[in-house]
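Chains as they are written, first to last, in the numbering used here: chain L, 1 to 125; chain A, 126 to 520.
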Amino acid sequence: MIHFSTGGCNGCDIELVAALTPRFDIERFGALLKGSPRHADVLLVTGAVTRQVRDRLIRIYEQMPEPKFVVAIGSCAISGGVFQGCYNVTGVDNALPVDAYIPGCPPKPEAIIDGIVKLLKKLGY
Amino acid sequence: MKETEFIIPVGPQHPALKEPEKFLIKVDGEYVVDADVRMGYNHRGIEKAMESRTYLQGLYLVERICGICSCAHTTCYTQCIEEAMGLEIPERAKYIRVITAELERIHSHLLWLGIAAHEVGFDTLFFYIWRDREVVMDLLELISGNRVHYAMPTIGGVRRDIPPEKVNEIKKGCNVLEKRTKYYKELILNEKTIHNRGDGVGVLTPKEAVALCTVGPVARASGINTDVRADDPYLVYDEIPFNVITYDGCDVTSRILVRVDEVLESINIVRYCLDHMPDGPIRKVVSPLMRVPEAEVVSLVEAPRGELIHYTRSNGGMKPYRHKVRAPTLGNILAVCEMLKGGYIADVPIVIAGIDPCLCCADRIAFVDVNTDKRWVWTDEQLRRYGVKWYQQNS
Numbered sequence: 001m002i003h004f005s006t007g008g009c010n011g012c013d014i015e016l017v018a019a020l021t022p023r024f025d026i027e028r029f030g031a032l033l034k035g036s037p038r039h040a041d042v043l044l045v046t047g048a049v050t051r052q053v054r055d056r057l058i059r060i061y062e063q064m065p066e067p068k069f070v071v072a073i074g075s076c077a078i079s080g081g082v083f084q085g086c087y088n089v090t091g092v093d094n095a096l097p098v099d100a101y102i103p104g105c106p107p108k109p110e111a112i113i114d115g116i117v118k119l120l121k122k123l124g125y
Numbered sequence: 126m127k128e129t130e131f132i133i134p135v136g137p138q139h140p141a142l143k144e145p146e147k148f149l150i151k152v153d154g155e156y157v158v159d160a161d162v163r164m165g166y167n168h169r170g171i172e173k174a175m176e177s178r179t180y181l182q183g184l185y186l187v188e189r190i191c192g193i194c195s196c197a198h199t200t201c202y203t204q205c206i207e208e209a210m211g212l213e214i215p216e217r218a219k220y221i222r223v224i225t226a227e228l229e230r231i232h233s234h235l236l237w238l239g240i241a242a243h244e245v246g247f248d249t250l251f252f253y254i255w256r257d258r259e260v261v262m263d264l265l266e267l268i269s270g271n272r273v274h275y276a277m278p279t280i281g282g283v284r285r286d287i288p289p290e291k292v293n294e295i296k297k298g299c300n301v302l303e304k305r306t307k308y309y310k311e312l313i314l315n316e317k318t319i320h321n322r323g324d325g326v327g328v329l330t331p332k333e334a335v336a337l338c339t340v341g342p343v344a345r346a347s348g349i350n351t352d353v354r355a356d357d358p359y360l361v362y363d364e365i366p367f368n369v370i371t372y373d374g375c376d377v378t379s380r381i382l383v384r385v386d387e388v389l390e391s392i393n394i395v396r397y398c399l400d401h402m403p404d405g406p407i408r409k410v411v412s413p414l415m416r417v418p419e420a421e422v423v424s425l426v427e428a429p430r431g432e433l434i435h436y437t438r439s440n441g442g443m444k445p446y447r448h449k450v451r452a453p454t455l456g457n458i459l460a461v462c463e464m465l466k467g468g469y470i471a472d473v474p475i476v477i478a479g480i481d482p483c484l485c486c487a488d489r490i491a492f493v494d495v496n497t498d499k500r501w502v503w504t505d506e507q508l509r510r511y512g513v514k515w516y517q518q519n520s
């Protein structure tokens with residue numbers, strides 16, 4: 001997995017990190033956070049995708065090896081959330097094909113784990 | 126640019142910072158010659174959006190400026206609007222706001238301590254601290270119903286009361302946190318890993334700290350006694366006994382120690398508030414479609430990262446004419462460039478993390494070699510690994 005924050009409020013980001021740490025420990029399900037897009041199969045997108053970051057997001061996605069999947073975490077990534085209608089917000093769906101949505105503002109670590117496990121199931125793991 | 130210099134870009138995607146920002150770092154061999162910062166990846170247009178929302182809708186928008194210090198933003202915003210309206214909130218509401226704000230400070234500082242440990246390659250400490258941080262997250266969930274956006278302060282008071290049975294739960298949680306934080310302080314004072322990577326790294330002299338307008342723990346780690354809670358008390362901070370923590374080290378180790386001590390102070394503040402909280406109503410109900418009389422108000426709050434300023438201007442309508450936010454990171458980010466100069470490339474991650482940047486964005490750093498004009502981009506993770514490896518080989 002690789003995580004990219006695209007202009008949210010950090011809430012989803014800290015909950016995602018919490019999902020990696022001992023109490024929740026997403027590694028139990030075979031998911032590991034990597035630093036480089038070239039080592040990742042799943043792109044975790046948090047935030048509302050600002051205009052500045054949109055091109056960078058697409059570039060990161062393009063660097064990932066096939067097959068690759070996108071998970072949108074949080075209300076902002078799904079619909080823009082409270083930032084809906086802001087002039088600088090474009091949305092994940094307009095930039096990338098999304099495979100799984102995890103709703104919540106922010107989703108709890110349990111919800112993030114559940115979403116990722118559901119994606120794994122969908123892929124046949 | 127000299128022939129031996131080299132520019133390295135770091136960011137905008139950077140696994141350690143969790144937010145996008147970009148640093149251009151000019152290096153000569155292993156030394157950092159100059160640094161430049163580029164922000165704006167996280168710009169969402171919140172200030173403009175505020176103008177098209179009513180005051181109560183705006184409350185939920187300011188909360189989502191930042192997920193780590195959301196309570197600081199709402200406290201600051203509600204104070205601003207209440208002053209404009211001439212609204213005095215109930216005493217009990219003030220205490221509840223302080224309790225939430227201090228629990229948030231504990232969670233924010235512990236979060237940062239974990240990240241700092243991760244940046245110096247001390248992942249064991251990172252996981253230990255984040256495990257214990259779950260205790261304070263549970264307390265916040267207990268009182269507010271949510272782990273991150275608490276939505277406690279509202280215009281006219283707070284949304285939820287803290288009943289007596291929850292007071293005991295919070296006190297129990299505080300005891301656990303105090304025990305663990307004392308242990309971490311002991312560990313940080315004696316652990317070589319921290320001192321090897323933190324002592325004399327990212328130095329910011331008191332003079333520079335003042336000149337560059339640093340705020341919060343960064344300024345306090347440079348020996349500057351500044352804390353909005355003490356200098357310009359809001360809510361009930363003038364009634365609460367607490368110490369402003371300062372250290373004179375001016376380096377990363379001091380910044381770590383300031384935050385550890387502040388966690389202990391915050392625990393005491395929470396305990397004091399729980400014991401001295403008066404009974405009574407928690408909220409004055411205001412209409413969601415209220416109008417705010419013509420006014421211009423500035424409000425200050427000590428967020429976990431430092432002084433937070435909200436400015437609002439009303440022209441008598443249901444929506445603000447202008448709302449301006451100055452977050453503490455903006456005050457500290459320029460100081461980073463100063464701290465990086467003269468240091469090693471390997472120190473870049475911990476120095477940047479040292480101010481606890483909260484850009485609510487994802488960043489990279491670019492390196493430029495002054496010798497060859499070669500440019501390359503590293504992600505945070507690559508840079509962090511480089512830093513850890515370099516210190517293993519060179520110490």
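For every residue, glycine included, the Cβ atom is placed at its ideal position computed from N, Cα and C.
Below 8 Å on the Cβ atoms is my guess for A420/A versus A241/A; work out the distance and round it to an integer in Å. Within the second sequence, the letter at position 295 stands for residue 420/A. Within the second sequence, the letter at position 116 stands for residue 241/A. Between A241/A and A420/A the Cβ distance is about 41 Å, and since that is not below 8 Å, they are no contact.
Counting only C-beta atoms, is W237/A closer than 7 Å to chain L at any point? Residue 237/A sits at position 112 when you count from the first residue of the second sequence. With 7 Å as the cut-off, W237/A does not count as an interface residue toward chain L.
Helix, strand or coil: which one does DSSP assign to T351/A? Taking the second sequence and counting its residues from 1, one reaches residue 351/A at position 226. Here T351/A sits in coil by DSSP.
Member of Y469/A, N293/A, Y516/A, N315/A whose CA lies at the smallest distance from the CA of V152/A: Working through the second sequence from its first residue, we reach residue 152/A at position 27. Here the closest residue by C-alpha is Y469/A.
E229/A touches chain D at which residues, Cβ-Cβ below 8 Å? No chain D is part of this structure, whose protein chains are labelled L and A.
Can you give, in chain order, each stretch of the alpha helix (DSSP H) that sits fully within the segment 190-255 of chain A and has at least 4 residues? Segments of the alpha helix (DSSP H) lying fully in the segment 190-255 of chain A: 195-210, 216-244.
Given a threshold of 16 other Cβ atoms within 10 Å of its Cβ, counted over all protein chains shown, does H401/A qualify as buried or as exposed? The residue labelled residue 401/A in the question sits at position 276 within the second sequence. Exposed, because fewer than 16 other Cβ atoms sit within 10 Å of the Cβ of H401/A.
Locate the beta strand (DSSP E) running through E421/A, then write down its first and last residues. Within the second sequence, the letter at position 296 stands for residue 421/A. Counting along the chain, the beta strand (DSSP E) containing E421/A begins and ends at 420-428.
With a threshold of 7 Å between beta-carbons, can F492/A be considered close to chain L, or not? Residue mapping note: residue 492/A aligns to position 367 of the second sequence, counting from 1. Its pLDDT being 45, under 50, F492/A is placed unreliably in this model, and the value from its coordinates should be taken loosely. It does not: the Cβ of F492/A has no partner Cβ on chain L nearer than 7 Å.
Nearest-angstrom beta carbon gap, I14/L and V388/A [assumed within contact, 8 Å]: Within the second sequence, residue 388/A is the residue found at index 263, counting from 1. Within the first sequence, residue 14/L is the residue found at index 14, counting from 1. Going by Cβ atoms, the distance from V388/A to I14/L rounds to 17 Å, so no, they are not a contact pair.
Beta-carbon proximity list for G74/L, same chain, < 8 Å, skipping 5 on both sides: Counting from one through the first sequence, the residue named residue 74/L turns up at place 74. The answer, listed in chain order, is G8, G11, C12, T46, G47, G81, I102, P103, G104, C105, P106, P107.
Would you say the segment 284-299 of chain A touches the segment 320-340 of chain A, given that touching needs at least three Cβ pairs under 8 Å? no
From the DSSP output, which residues share a beta bridge with P73/L? Reading the first sequence from its first residue, position 73 is the one you call residue 73/L. First, the amino acid is wrong: residue 73/L is Ile here, not Pro. Answer is T46/L, I102/L, bridged to I73/L.
Quick one: is I349/A buried, meaning 16 or more other Cβ sit within 10 Å of its Cβ, or exposed? Numbered from 1 along the second sequence, position 224 holds the residue referred to as residue 349/A. In summary, I349/A is buried, with 16 or more beta-carbon neighbours lying within 10 Å of its beta-carbon over all protein chains present.
Which residues mark the beginning and the end of the alpha helix (DSSP H) in which V383/A is found? For the purposes of this step, residue 383/A is taken as residue 258 along the second sequence, with counting starting at 1. 377-401 is the extent of the alpha helix (DSSP H) around V383/A.
With three or more C-beta pairs closer than 8 Å as the rule, is the segment 171-180 of chain A touching the segment 441-455 of chain A? yes
Round the Cβ separation of A197/A and A428/A to the nearest angstrom and send it over; I've been treating them as touching at under 8 Å. In the second sequence, counting from the first residue as 1, residue 197/A sits at position 72. In the second sequence, counting from the first residue as 1, residue 428/A sits at position 303. Between A428/A and A197/A the Cβ distance is about 4 Å, and since that is below 8 Å, they are a contact.
Would you call the segment 220-238 of chain A and the segment 250-267 of chain A in contact, with 3 or more CB pairs under 8 Å? yes
Using a threshold of 7 Å, state whether the C-beta atoms of R408/A and G325/A are closer than that. On the second sequence, residue 408/A is found 283 positions in, with the first residue counted as 1. On the second sequence, residue 325/A is found 200 positions in, with the first residue counted as 1. No, these two residues do not count as a Cβ contact at 7 Å.
With 7 Å set as the bound, which would you pick, yes or no: does the beta-carbon of V106/A sit closer than that to a beta-carbon of chain L? Here chain A comprises residues numbered 126 to 520, so residue 106/A is not present and cannot be evaluated.
E278/A - DSSP class collapsed to helix/strand/coil: Taking the first residue of the second sequence as position 1, residue 278/A is located at position 153. Residue identity differs from the one stated: residue 278/A is Pro in this sequence, not Glu. If DSSP states are grouped into helix, strand and coil, P278/A belongs with the strands.
Is it true that the CB of V395/A sits closer than 7 Å to the CB of A346/A? Numbered from 1 along the second sequence, position 221 holds the residue referred to as residue 346/A. Numbered from 1 along the second sequence, position 270 holds the residue referred to as residue 395/A. It is not a contact, given that the beta carbons lie outside the stated cut-off.
Short check: CB of N88/L to CB of R451/A, under 7 Å? The sequence position of residue 88/L within the first sequence is 88, counting from 1. The sequence position of residue 451/A within the second sequence is 326, counting from 1. No.
Between C201/A, L433/A, S391/A, which lies nearest to F367/A when the distance is taken from Cα to Cα? Translated into the one-based positions of the second sequence, residue 367/A becomes position 242. For F367/A, the nearest C-alpha among the options comes from S391/A.
How is the alpha helix (DSSP H) around Y309/A delimited, first residue to last? Taking the first residue of the second sequence as 1, we reach residue 309/A at position 184. Taken as a continuous stretch (DSSP letters only), the alpha helix (DSSP H) holding Y309/A covers 289-315.
Measuring alpha carbon to alpha carbon, tell me which of K34/L, V49/L, I60/L, V17/L ends up nearest S79/L. The count along the first sequence starts at 1 and reaches residue 79/L at position 79. Closest by alpha carbon: V49/L.
Give a yes or no on whether 7 Å exceeds the smallest Cβ distance from T21/L to chain A. The count along the first sequence starts at 1 and reaches residue 21/L at position 21. Chain A, which has a Cβ nearer than 7 Å to the Cβ of T21/L, makes this yes.
To the nearest angstrom, how far is it from the Cα of C398/A to the Cα of L184/A? Counting from 1 along the second sequence, the entry for residue 398/A is found at position 273. Counting from 1 along the second sequence, the entry for residue 184/A is found at position 59. The alpha-carbon atoms of C398/A and L184/A are separated by roughly 25 Å.
Check whether the Cβ of A174/A lies closer than 7 Å to any Cβ atom in chain L. Here residue 174/A refers to the residue found at position 49 when the second sequence is read from its first residue. Interface residue, yes.
Using a threshold of 7 Å, state whether the C-beta atoms of E188/A and V422/A are closer than that. Your numbering for residue 188/A matches position 63 in the second sequence. Your numbering for residue 422/A matches position 297 in the second sequence. At least 7 Å separates the beta-carbon of E188/A from that of V422/A.
At which residues does the alpha helix (DSSP H) containing E188/A begin and terminate? The count along the second sequence starts at 1 and reaches residue 188/A at position 63. Taken as a continuous stretch (DSSP letters only), the alpha helix (DSSP H) holding E188/A covers 180-188.
What three-state label does DSSP hand K151/A in the structure shown? For the purposes of this step, residue 151/A is taken as the residue at position 26 of the second sequence. Strand at K151/A.
In whole angstroms, give me the CA-to-CA distance for I103/A and T199/A. The requested residue 103/A does not occur in the structure, where chain A is confined to residues 126 to 520.
Under 9 Å between beta-carbons, which chain A residues line up against P106/L? List them in chain order, please. Taking the first residue of the first sequence as 1, we reach residue 106/L at position 106. P106/L reaches chain A at G192, N271, R272, V273, H274, counting residues in chain order whose Cβ is nearer than 9 Å.
Separation of G124/L from E227/A, as counted between CA atoms: Here residue 227/A refers to the residue found at position 102 of the second sequence. Here residue 124/L refers to the residue found at position 124 of the first sequence. Going by the C-alpha atoms only, they are around 45 Å apart.
Where DSSP assigns a beta bridge to K449/A, which residues make up the other side? Position 324 of the second sequence holds residue 449/A. According to DSSP, which records beta bridges pairwise, K449/A is partnered with Y436/A.
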